[in-house]
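Notes follow the structure.
In the working numbering, the protein residues as written are 83 to 255.
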(Lines of atoms letter the chains of each structure in order from A; the text may use other names.)
(Lines give C-alpha, C1' and ligand atoms only; values in the text may rest on other atoms or scores of the structure.)
Protein backbone atom coordinates (compact mmCIF):
# COMPACT_ATOMS: atom_id res chain seq x y z
CA UNK A 83 0.00 0.00 0.00
CA UNK A 84 1.37 3.41 -0.90
CA UNK A 85 0.12 6.94 -1.41
CA UNK A 86 1.03 7.31 -5.10
CA UNK A 87 4.74 7.98 -4.52
CA UNK A 88 6.10 6.94 -7.90
CA UNK A 89 9.56 6.07 -6.56
CA UNK A 90 8.04 3.76 -3.92
CA UNK A 91 5.79 2.10 -6.50
CA UNK A 92 8.73 1.52 -8.87
CA UNK A 93 10.95 0.13 -6.11
CA UNK A 94 8.22 -2.23 -4.85
CA UNK A 95 7.48 -3.50 -8.36
CA UNK A 96 11.17 -4.19 -8.91
CA UNK A 97 11.82 -5.89 -5.56
CA UNK A 98 8.45 -7.69 -5.29
CA UNK A 99 7.36 -8.28 -8.91
CA UNK A 100 4.66 -10.85 -8.04
CA UNK A 101 3.04 -8.91 -5.19
CA UNK A 102 -0.15 -6.94 -5.72
CA UNK A 103 0.32 -3.22 -5.26
CA UNK A 104 -2.55 -1.07 -4.06
CA UNK A 105 -2.49 2.68 -3.73
CA UNK A 106 -4.23 4.57 -0.96
CA UNK A 107 -5.36 8.12 -1.50
CA UNK A 108 -8.53 9.05 0.31
CA UNK A 109 -8.30 12.59 1.70
CA UNK A 110 -11.61 12.15 3.54
CA UNK A 111 -10.40 9.13 5.54
CA UNK A 112 -7.44 10.00 7.73
CA UNK A 113 -7.75 6.86 9.90
CA UNK A 114 -4.75 5.09 8.32
CA UNK A 115 -2.54 8.07 8.97
CA UNK A 116 -3.86 8.54 12.51
CA UNK A 117 -3.37 4.88 13.46
CA UNK A 118 0.06 4.76 11.86
CA UNK A 119 1.08 7.77 13.93
CA UNK A 120 -0.39 6.20 17.06
CA UNK A 121 1.61 3.03 16.41
CA UNK A 122 4.77 5.13 16.06
CA UNK A 123 3.91 6.92 19.30
CA UNK A 124 4.21 3.60 21.16
CA UNK A 125 7.90 4.46 21.46
CA UNK A 126 6.91 7.05 24.09
CA UNK A 127 4.47 4.95 26.11
CA UNK A 128 5.81 3.64 29.46
CA UNK A 129 7.58 0.34 28.78
CA UNK A 130 5.28 -1.73 31.00
CA UNK A 131 2.22 -0.36 29.17
CA UNK A 132 3.39 -1.07 25.59
CA UNK A 133 1.67 -4.50 25.19
CA UNK A 134 -1.64 -3.25 26.62
CA UNK A 135 -1.70 -0.04 24.57
CA UNK A 136 -0.65 -1.95 21.45
CA UNK A 137 -3.57 -4.38 21.93
CA UNK A 138 -6.00 -1.46 22.29
CA UNK A 139 -4.70 0.07 19.06
CA UNK A 140 -4.75 -3.24 17.18
CA UNK A 141 -8.34 -4.00 18.24
CA UNK A 142 -9.54 -0.64 16.94
CA UNK A 143 -7.29 -0.24 13.86
CA UNK A 144 -8.64 -0.04 10.31
CA UNK A 145 -8.70 -3.40 8.54
CA UNK A 146 -6.15 -2.24 5.95
CA UNK A 147 -3.54 -1.85 8.70
CA UNK A 148 -4.02 -5.26 10.34
CA UNK A 149 -1.18 -6.98 8.42
CA UNK A 150 1.19 -4.23 9.58
CA UNK A 151 -0.05 -4.57 13.15
CA UNK A 152 0.43 -8.36 12.99
CA UNK A 153 3.98 -7.93 11.71
CA UNK A 154 4.75 -5.33 14.39
CA UNK A 155 3.21 -7.54 17.10
CA UNK A 156 5.35 -10.52 16.07
CA UNK A 157 8.63 -8.67 15.55
CA UNK A 158 8.48 -5.70 17.91
CA UNK A 159 5.99 -6.14 20.74
CA UNK A 160 5.02 -9.65 21.85
CA UNK A 161 6.73 -12.17 19.61
CA UNK A 162 4.83 -15.40 19.01
CA UNK A 163 3.02 -17.00 21.93
CA UNK A 164 3.41 -20.77 22.28
CA UNK A 165 0.25 -22.69 21.40
CA UNK A 166 0.00 -26.45 21.75
CA UNK A 167 3.14 -28.03 20.30
CA UNK A 168 4.14 -24.87 18.46
CA UNK A 169 7.00 -23.13 20.23
CA UNK A 170 6.70 -19.46 20.97
CA UNK A 171 9.51 -16.96 20.61
CA UNK A 172 10.34 -13.47 21.76
CA UNK A 173 10.12 -10.50 19.41
CA UNK A 174 13.18 -9.81 17.27
CA UNK A 175 13.26 -6.18 18.50
CA UNK A 176 11.66 -6.12 21.95
CA UNK A 177 10.29 -2.85 23.34
CA UNK A 178 13.30 -2.56 25.67
CA UNK A 179 15.39 -1.79 22.58
CA UNK A 180 13.18 0.80 20.87
CA UNK A 181 11.11 2.34 23.66
CA UNK A 182 12.15 5.95 24.35
CA UNK A 183 9.81 6.81 27.22
CA UNK A 184 12.49 7.02 29.91
CA UNK A 185 14.94 8.79 27.59
CA UNK A 186 12.30 11.42 26.83
CA UNK A 187 11.61 11.97 30.55
CA UNK A 188 15.28 12.33 31.47
CA UNK A 189 16.25 14.29 28.37
CA UNK A 190 18.97 11.79 27.53
CA UNK A 191 20.12 11.00 24.03
CA UNK A 192 17.77 8.94 21.91
CA UNK A 193 20.28 8.19 19.16
CA UNK A 194 23.99 7.53 18.80
CA UNK A 195 24.54 10.83 16.95
CA UNK A 196 26.86 12.08 19.71
CA UNK A 197 29.24 9.16 19.34
CA UNK A 198 29.03 9.28 15.54
CA UNK A 199 29.87 12.99 15.63
CA UNK A 200 32.89 12.33 17.82
CA UNK A 201 34.01 9.50 15.55
CA UNK A 202 33.69 11.65 12.41
CA UNK A 203 35.68 14.45 14.06
CA UNK A 204 38.29 11.96 15.26
CA UNK A 205 38.68 10.56 11.71
CA UNK A 206 39.29 14.10 10.45
CA UNK A 207 41.94 14.67 13.14
CA UNK A 208 43.72 11.39 12.32
CA UNK A 209 43.34 11.94 8.60
CA UNK A 210 42.87 8.22 7.91
CA UNK A 211 39.84 5.97 7.62
CA UNK A 212 41.65 2.91 9.00
CA UNK A 213 44.62 4.06 11.10
CA UNK A 214 47.24 1.62 12.30
CA UNK A 215 47.30 0.83 16.02
CA UNK A 216 50.18 3.19 16.86
CA UNK A 217 48.56 6.18 15.12
CA UNK A 218 45.19 5.51 16.75
CA UNK A 219 46.71 5.19 20.25
CA UNK A 220 48.74 8.36 19.76
CA UNK A 221 45.63 10.29 18.70
CA UNK A 222 43.59 8.86 21.59
CA UNK A 223 46.23 10.16 24.00
CA UNK A 224 46.08 13.63 22.40
CA UNK A 225 42.27 13.58 22.52
CA UNK A 226 42.31 12.58 26.18
CA UNK A 227 44.72 15.41 27.03
CA UNK A 228 42.53 17.94 25.16
CA UNK A 229 39.38 16.79 26.95
CA UNK A 230 41.10 16.92 30.36
CA UNK A 231 42.21 20.50 29.67
CA UNK A 232 38.68 21.46 28.59
CA UNK A 233 37.18 19.91 31.73
CA UNK A 234 39.70 21.79 33.89
CA UNK A 235 38.85 25.07 32.18
CA UNK A 236 35.14 24.42 32.67
CA UNK A 237 35.63 23.63 36.35
CA UNK A 238 37.54 26.92 36.75
CA UNK A 239 34.52 28.79 35.44
CA UNK A 240 35.29 29.45 31.79
CA UNK A 241 31.98 30.37 30.19
CA UNK A 242 32.97 31.20 26.63
CA UNK A 243 29.99 30.03 24.57
CA UNK A 244 32.04 29.21 21.48
CA UNK A 245 34.37 27.17 23.66
CA UNK A 246 31.38 25.32 25.10
CA UNK A 247 29.90 24.67 21.65
CA UNK A 248 33.13 23.14 20.36
CA UNK A 249 33.56 20.76 23.28
CA UNK A 250 29.95 19.92 24.18
CA UNK A 251 30.02 16.74 22.11
CA UNK A 252 33.00 15.43 24.16
CA UNK A 253 31.72 15.88 27.68
CA UNK A 254 29.00 13.99 29.47
CA UNK A 255 28.15 15.65 32.78
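Virtual Cβ for every residue (Gly too), placed ideally from N, Cα, C.
Rounded to the nearest whole angstrom, the CA to CA distance from residue 202 to residue 208 is 10 Å. Beta-bridge annotation (DSSP): residue 171 is paired with 162. Along the segment 88-163, the alpha helix (DSSP H) occurs as fully enclosed runs of 4 or more residues at 88-97, 113-122, 132-142 and 148-154, listed in sequence order. Closest by C-alpha distance to residue 183, out of 217, 100, 131 and 147, is 131. Beta-carbon to beta-carbon, residue 225 and residue 204 are separated by about 7 Å, close enough to satisfy the 8 Å threshold. The DSSP-derived three-state label of residue 214 is coil.
Rounded to the nearest whole angstrom, the CA to CA distance from residue 151 to residue 91 is 22 Å. Counting the other Cβ atoms within 10 Å of the Cβ of residue 136 gives 16 or more, which makes it buried.
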